[in-house]
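**Q**
In my numbering, the protein residues as written are 897 to 1644.
(1) Return yes when at least one heavy atom of the ligand FAD lies under 6 Å from the C-beta of residue 1191, else no.
(2) Would you say residue 1211 and residue 1181 are within 7 Å of each other, going by their C-beta atoms?
(3) In whole angstroms, give me the CA-to-CA distance for residue 1007 and residue 1118.
(4) Tell me the DSSP bridge mates of residue 1218?
(5) Within the same chain, show all residues whose beta-carbon is closer than 8 Å to that of residue 1391, passing over the 5 residues directly before and after it, in chain order.
(6) Beta carbon of residue 1052, beta carbon of residue 1045: below 7 Å?
(7) Could you tell me which of 976, 1444, 1068 sits nearest to residue 1014, measuring between CA atoms?
(8) Tell me which residue opens and which closes the beta strand (DSSP E) that residue 1195 is part of.
(9) According to DSSP, simplified to helix, strand and coil, what is residue 1072?
(10) Measuring only the C-alpha atoms, how far is residue 956 from residue 1010?
(11) DSSP three-state call for residue 1038: helix, strand or coil?
(12) Can you give the Cα-Cα distance for residue 1490 and residue 1323, rounded to whole angstroms?
(13) Taking buried to mean at least 16 other C-beta atoms within 10 Å of its own C-beta, is residue 1465 buried or exposed?
(14) Please state whether DSSP places residue 1176 in a helix, a strand or coil.
(15) Counting beta carbon pairs with one atom in the region 1539-1552 and one in the region 1501-1520, are three or more of them shorter than 8 Å?
(16) CA-CA distance, residue 1290 and residue 1299?
(17) In three-state DSSP terms, what is residue 1171?
(18) With distances taken Cα to Cα, identify the nearest neighbour of residue 1533 among 1467, 1500, 1558, 1599.
(19) Let me know the secondary structure DSSP gives residue 1359 once reduced to three states.
(20) Quick check on residue 1385: buried or exposed, where buried means 16 or more other Cβ atoms within 10 Å of its Cβ?
(21) Ends of the beta strand (DSSP E) at residue 1117?
(22) Under DSSP, the alpha helix (DSSP H) around residue 1493 begins and ends at which residues?
(23) In or out: residue 1281 buried (at least 16 other Cβ within 10 Å) or exposed?
(24) Going along the chain, which residues of its own chain have a beta-carbon closer than 7 Å to the beta-carbon of residue 1075, five neighbours each way excluded?
(25) If you follow the beta strand (DSSP E) that residue 994 is part of, which residue opens it and which one closes it?
(26) Output the residue ranges of the beta strand (DSSP E) runs that lie fully inside the region 955-991 and measure 3 residues or longer, sorted by chain position.
(27) Buried or exposed: which applies to residue 1317, given that a residue is buried once 16 or more other Cβ atoms fall within 10 Å of its Cβ?
(28) How would you write the range of the beta strand (DSSP E) that residue 1085 sits in, first residue to last?
(29) If you draw a straight line from the alpha carbon of residue 1089 to that of residue 1198, how long is it in whole angstroms?
(30) Can you tell me which of 977, 1036, 1437, 1283 puts its alpha carbon nearest to the alpha carbon of residue 1215?
(31) Looking only at its chain, what residues have a beta carbon closer than 7 Å to the beta carbon of residue 1032, apart from the 5 residues adjacent to it on each side?
(32) Name the residue from 1570, 1475, 1426 whose alpha carbon lies nearest to the alpha carbon of residue 1488.
(33) Residues in its own chain within less than 6 Å of residue 1128 by CB, not counting five upstream and five downstream?
(34) By Cβ distance below 6 Å, which residues in the same chain neighbour residue 934 in space, the five residues on each side in sequence not counted?
(35) In chain order, what residues of the same chain lie with their CB nearer than 8 Å to the CB of residue 1641, ignoring the 5 residues before and after it?
(36) Roughly how far, in whole angstroms, is the beta-carbon of residue 1302 from the beta-carbon of residue 1309, given that I think they are within contact range, below 8 Å?
As structure tokens, then:
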């Protein structure tokens, strides 16, 4: 006996290799095979609106589909898996396509039936439907689009495994919120749309709108297509500005009764995934809701109160959390808001908030107990910035002293990133609301001093710094005196009080040495070295900076090291060692390359070196570029350094023709920071000095024994111009006396 490969009935197979029970079944099978070799796209869901964007994903998926027999699109609720899969299937060539819709099913035993119905196979008496399905698809060339597998993963995986093993011409394109984990499966994670989200919003809204406002809305919605489309429909009756302001309540706002049940609203779409969680997974899911800035394993374990690796892996597999490139996890904002609703329903909000506040304050404690933060401590503050800001604004009570701690953590990152407006707003909320003896008030006063100095309120900056020191003394917090005196020196420096600036730095060094704060001492020593350099004592500055550099390179943050290396370059420049100065400025530029504002001084240093090396046009371009960016970004510079740049520009102006100098200025002002940095790191900037024709003539006349007045009379220029030429040539050649200039001219 045999089983007919067409209808599945038993028959006496004579001859022994016969596959069909009758000639009619053989003919039907033949027609099916012929149909399988043509371009047939059938049973695909229809859509009235246009498919928008995702061109890169489409190209990648079509390429993967040519290499793999099982390809699964995985992503969170509303991310657009089905719509993209349909478009991929529509563009797939020379194959029959059938859709297996699993979203409406509720029982595992319905899965095989759904596959069979999709391909037109029916149950035969006495034969298992799965057997008939495999026999029918054994010779058909077909692509099965299997949609919404997540709630029936195990049974779906079993059917797909059997199809791929027994049916060599079957391909499966699946969509799911977690991978099938089938043999040979290729998984394609799908994320939110970027620029295409604005196009999608505009297309679905049907009318053009403010593109910046639409972009802001799409960003708040993480580019999730379902959320974007629902928002676009709402925009027909709600102005864009109002819509943006109401997105914190998006789960109620964004809905559409015309959509399938699970896509009628964001809440329904997320609930579909949430309802598949185990009780333990559900508990962790809702407790992570108060971490909008993402989270690592440590805080996840603290919030949950136990091990989380397995549970977090499960949530990631179900697309309820995503893993970022830096290894941290996060929830899409819409998913997080849904989790927060569940957290409140279970009356766990206060417990989760308390655990988060305690853990975050622990991360901020080194700011109170040490005179300088280690690089990894600063990195932790930056990583948790969004969580700290959220806790400061939403989780901790105004009267809780820990709110002051959270505020200082926010302030630290604000200053590092240049968020001075935000820093001022935070200080306004906490500085005058805290008790005079509050432990964390010292930090708030310190940042208030720094902010006042930045805003050129120098007297106020000194007052805040002195109050911070007085408060620390009263509380016996001697271990942070090194840092506080360094902050005081910054305030005095802004006020132009040179004597007190130097005194405060020496006090900082004294306190640091007494408490064994080697790194903090090195920072203050470097700062004192800079002040001495500016005052004209390059040798004393070199002693301090040379001693501080090894400690800073071994233990300090990269941005601090970059500043110290730049200072070493300035010292070399003052000593007339142009080659060493150029190397130091290049090292500093590489260290600060990731911070556009911080890298400007290093680029300027390379510009100075370029001018002194005779590469006048490149030097002018670099100096003009930085000058333009400082103006645009409001990045001030010290008078001493500003004078160096002005002198270099004067030297270049004398060496170049007016047209060449003007061209260089224009080219520099058109540079962006990336182009300026690349130009600054050109190794050919540092080379033997090249004198202009006019400079060489002046040098030759000086070598003949002429005075400046005689040279001026001979060349028809002013005495002052000759003096300027002589001075600039000596600087370029690292010479100090007129006699040395004469000797150089005679040998060159």
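The C-beta atom is built at its ideal place from N, Cα and C for all residues, glycine as well.
**A** According to the data block:
(1) The model on display carries no ligand, and the ligand FAD is accordingly not part of it.
(2) Yes, they are a contact pair.
(3) Rounded to whole angstroms, the gap between the alpha carbons of residue 1007 and residue 1118 is 33 Å.
(4) Looking at the DSSP assignment, residue 1218 forms a beta bridge with 1226.
(5) Excluding its 5 nearest sequence neighbours in each direction, residue 1391 has C-beta neighbours in its own chain below 8 Å: 1354, 1355, 1357, 1358, listed in chain order.
(6) Closer than 7 Å, so yes.
(7) Ranked by how close their Cα comes to the Cα of residue 1014, the residues 976, 1444, 1068 have 1068 in first place.
(8) Note, residue 1195: premise wrong, no beta strand (DSSP E); alpha helix (DSSP H) at 1193-1200.
(9) DSSP places residue 1072 in strand when its eight states are reduced to three.
(10) One C-alpha to the other measures close to 28 Å.
(11) Strand.
(12) Looking at the two C-alpha atoms, the distance is approximately 28 Å.
(13) Its Cβ being crowded by 16 or more others within 10 Å, residue 1465 is buried.
(14) Three-state DSSP puts residue 1176 in a helix.
(15) Touching, yes.
(16) Distance from the CA atom of residue 1290 to the CA atom of residue 1299, rounded to whole angstroms, is 10 Å.
(17) The answer is coil: DSSP assigns residue 1171 none of H, G, I, E or B.
(18) Nearest option by C-alpha distance: 1500.
(19) Residue 1359 carries a helical assignment under DSSP once its states are collapsed to helix, strand and coil.
(20) By the neighbour-count rule (16 or more Cβ atoms within 10 Å), residue 1385 is buried.
(21) Note, residue 1117: premise wrong, no beta strand (DSSP E); not H, not E.
(22) Bounds of any alpha helix (DSSP H) do not take in residue 1493, whose DSSP letter is neither H nor E.
(23) Buried is the call here.
(24) Within the same chain, residue 1075 has close Cβ partners 968, 970, 1081, 1083, 1213.
(25) That run of the beta strand (DSSP E) goes 992-997.
(26) If only complete runs of 3 or more residues are kept, the region 955-991 shows the beta strand (DSSP E) at 966-970, in order along the chain.
(27) In the assembly as shown, residue 1317 is an exposed residue. Its beta-carbon has fewer than 16 other beta-carbons within 10 Å.
(28) Unbroken beta strand (DSSP E) run through residue 1085: 1081-1085.
(29) Separation of residue 1089 and residue 1198 (C-alpha to C-alpha, rounded to the nearest whole angstrom) is 33 Å.
(30) Relative to the Cα of residue 1215, the nearest Cα in the group 977, 1036, 1437, 1283 belongs to 977.
(31) Around residue 1032: 1015, 1017.
(32) Residue nearest to residue 1488 within the set 1570, 1475, 1426 is 1570 (criterion: CA-CA distance).
(33) Contacts found: 1097, 1100, 1101.
(34) Confidence at residue 934 is low in this model, with a pLDDT of 32, below 50, so the placement of that residue is unreliable and no value is reported for it.
(35) Spatial neighbours of residue 1641 in its own chain (CB-CB distance under 8 Å, excluding positions within 5 residues in sequence) are listed in chain order as 1595, 1596, 1598, 1599.
(36) Contact flag wrong, Cβ pair sits at about 11 Å.
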